[in-house]
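J.: Anchor point for the sequence shown: position 185 equals 194 in the numbering used here, and the numbering is continuous, going up by one each time. Cβ atoms here follow ideal geometry from the backbone N, Cα and C, with glycine treated the same way.
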Amino acid sequence: MGKYILRRILISIPMLILVTIIVFALANLMPGDAAMAMFASGDGSITAEAIEQQRENMGLNDPAVTRYFRWLGQLIRGDMGVSQVTFQPVWEMIKLRIGPTVLLMGTSLILSIIIGVALGIFSAVKQYSIADYVLTVISFIGRSVPIFFVGLFLVYLLALKFPIFPTSGMHRMGSTDIVDLLKHLFLPCLSLSILRIAEFLRYSRASMLEVLNADYIWTARSKGIKERNVLTRHALRNALIPIITLIGINIPVMFSGAIMIEQVFQWPGLGTLFNTAVIQRDQSLLMGLCLFSSVVVLISNLLTDIAYALVDPRIRYE
Numbered sequence: 010m011g012k013y014i015l016r017r018i019l020i021s022i023p024m025l026i027l028v029t030i031i032v033f034a035l036a037n038l039m040p041g042d043a044a045m046a047m048f049a050s051g052d053g054s055i056t057a058e059a060i061e062q063q064r065e066n067m068g069l070n071d072p073a074v075t076r077y078f079r080w081l082g083q084l085i086r087g088d089m090g091v092s093q094v095t096f097q098p099v100w101e102m103i104k105l106r107i108g109p110t111v112l113l114m115g116t117s118l119i120l121s122i123i124i125g126v127a128l129g130i131f132s133a134v135k136q137y138s139i140a141d142y143v144l145t146v147i148s149f150i151g152r153s154v155p156i157f158f159v160g161l162f163l164v165y166l167l168a169l170k171f172p173i174f175p176t177s178g179m180h181r182m183g184s185t186d187i188v189d190l191l192k193h194l195f196l197p198c199l200s201l202s203i204l205r206i207a208e209f210l211r212y213s214r215a216s217m218l219e220v221l222n223a224d225y226i227w228t229a230r231s232k233g234i235k236e237r238n239v240l241t242r243h244a245l246r247n248a249l250i251p252i253i254t255l256i257g258i259n260i261p262v263m264f265s266g267a268i269m270i271e272q273v274f275q276w277p278g279l280g281t282l283f284n285t286a287v288i289q290r291d292q293s294l295l296m297g298l299c300l301f302s303s304v305v306v307l308i309s310n311l312l313t314d315i316a317y318a319l320v321d322p323r324i325r326y327e
């Protein structure tokens with residue numbers, strides 16, 4: 010296992026470098042740059058010469074290859090660079106936003122797993138019942154609706170039509186109350202969870218149905234074991250093995266979904282910061298965010314593989 014983990018880490022290094030090259034190339038293809046974005050809200054008296062001078066001061070006139078290797082050299086020394094717009098260290102800006110995003114994603118993922126898997130198992134046990142058909146239809150609808158539409162609909166329904174929950178932010182001004190935090194968290198968490206619940210429901214139902222039709226389940230039933238024990242001791246553990254892979258896949262998917270949901274609810278996390286970096290053409294901040302998200306994806310995939318081997322003794326990484 011140790012050799013496998015080390016090999017995966019070594020393979021991840023060139024993958025990360027490739028990701029940074031692709032992101033850097035795409036960022037260079039965007040119209041405008043950080044110098045133009047800085048003066049975009051000016052009163053019209055900013056001259057082209059002033060913008061060009063600012064671009065020169067920021068090093069944006071250097072060749073793309075030079076700028077990339079300058080950034081890579083800083084990264085090797087442990088420095089993610091400085092924002093081209095706010096002139097703050099990129100890592101400090103990212104570090105301040107990690108907590109809110111982890112809170113939103115973690116809560117949504119836990120709710121999705123608990124509710125989705127429970128409903129999926131119930132649907133499989135009650136196969137071809139009315140409840141099974143209803144849950145199947147709900148899962149297809151949940152997978153079909155865009156995540157930003159879900160967020161906007163919940164804002165209209167539960168914040169405007171029926172003003173139960175706040176529409177934006179993480180706290181009321183000057184408040185650090187946990188109840189206030191949970192009220193602000195509810196709508197973005199629910200918006201991010203609905204699609205994932207539908208996905209966990211579908212996969213856990215299919216996995217449970219496959220296990221329930223296996224020979225060893227029929228053998229256990231033929232021995233007179235109670236149905237509850239058959240489901241909990243024999244079927245459930247094996248049915249949950251594919252769900253581990255699904256959890257690993259959903260971590261980066263939820264991160265991308267958080268970018269849209271955080272913008273809808275103005276949640277002060279990495280998603281809002283990413284949108285700000287794109288609007289301001291802040292290349293240093295964009296590179297830092299994409300590098301951070303890539304590391305998160307690679308780590309989640311590695312942890313998924315390890316958890317898979319721990320749960321299923323048939324799998325061995327040599």
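For Glu271, which residues in the same chain have their Cβ closer than 6 Å to its Cβ, ignoring the five residues on either side in sequence?
T.: Gly278, Gly280 and Thr281
J.: Could you check where the alpha helix (DSSP H) with Phe301 kicks off and where it finishes?
T.: Gln292 to Val320
J.: Do Ser216 and Ala248 count as a contact pair if the criterion is CB distance below 8 Å?
T.: yes
J.: For the 8 Å Cβ check, are there 3 or more pairs between the stretch 142-151 and the stretch 204-216?
T.: yes
J.: Look up Pro277 in the DSSP assignment and say whether it is helix, strand or coil.
T.: coil
J.: With Lys12 as the anchor, note down where its alpha helix (DSSP H) starts and where it stops.
T.: Gly11 to Leu38
J.: For the stretch 147-177, which segments carrying the alpha helix (DSSP H) assignment without a break, of at least 4 residues, lie completely within its bounds, in sequence order?
T.: Counting only runs of 4+ residues, the alpha helix (DSSP H) found wholly inside the stretch 147-177 occupies 156-164, in chain order.
J.: Measuring only the C-alpha atoms, how far is Ser202 from Leu118?
T.: Going from the Cα of Ser202 to the Cα of Leu118 covers about 7 Å.
J.: At what residues does the alpha helix (DSSP H) containing Gln83 begin and finish?
T.: Ala73 to Ile85
J.: Using a Cβ-Cβ cut-off of 7 Å (strictly less than) and excluding sequence neighbours within five positions of Arg242, which residues of its own chain qualify?
T.: Answer for Arg242: no residue qualifies.
J.: Give the secondary structure of Val126 by DSSP, where H, G and I count as helix, E and B as strand, and everything else as coil.
T.: helix
J.: Provide the residue(s) that pair with Val91 in DSSP beta bridges, ordered along the chain.
T.: Pro98
J.: Between Ile107, Leu311, Arg211 and Phe96, which lies nearest to Thr145 when the distance is taken from Cα to Cα?
T.: The shortest C-alpha separation from Thr145 is found at Arg211.
J.: Would you mind reading off the limits of the alpha helix (DSSP H) that contains Thr228?
T.: Taken as a continuous stretch (DSSP letters only), the alpha helix (DSSP H) holding Thr228 covers Asp224 to Ser231.
J.: When the distance is taken between beta carbons, is Val320 closer than 8 Å to Ile226?
T.: no
J.: Please state if the CB of Phe174 and the CB of Phe157 are separated by a distance shorter than 8 Å.
T.: no
J.: Roughly how many angstroms separate the alpha carbons of Gln289 and Val91, rounded to a whole number?
T.: 14 Å
J.: Could you please give the first and the last residue of the uninterrupted alpha helix (DSSP H) stretch that includes His180?
T.: Segment: none, His180 is in no alpha helix (DSSP H) and carries neither H nor E.
J.: For the stretch 290-301 against the stretch 28-44, do three or more pairs of beta-carbon atoms, one drawn from each stretch, fall closer than 8 Å, so that the two count as touching?
T.: Yes, the stretch 290-301 touches the stretch 28-44.
J.: Return the Cβ separation of Met339 and Trp80 in integer angstroms, given the expectation that the two are a contact with Cβ distance under 8 Å.
T.: Since the first residue of the chain shown is 10 and the last is 327, residue 339 is not available in this structure.
J.: Any idea if Phe78 is buried or exposed, counting beta-carbon neighbours within 10 angstroms, 16 or more meaning buried?
T.: exposed
J.: Between Ala244 and Arg106, what straight-line distance do the alpha-carbon atoms span, to the nearest angstrom?
T.: Linking Ala244 to Arg106 through their CA atoms gives a straight-line distance of about 41 Å.
J.: Applying the 10 Å Cβ sphere with the 16-neighbour rule, what's the burial state of Ser293?
T.: buried
J.: Please tell me whether Val8 and Ser303 are closer than 8 Å, where the distance is taken between their beta carbons.
T.: Given that the chain is displayed from residue 10 to residue 327, the structure contains no residue 8 and the question cannot be resolved.
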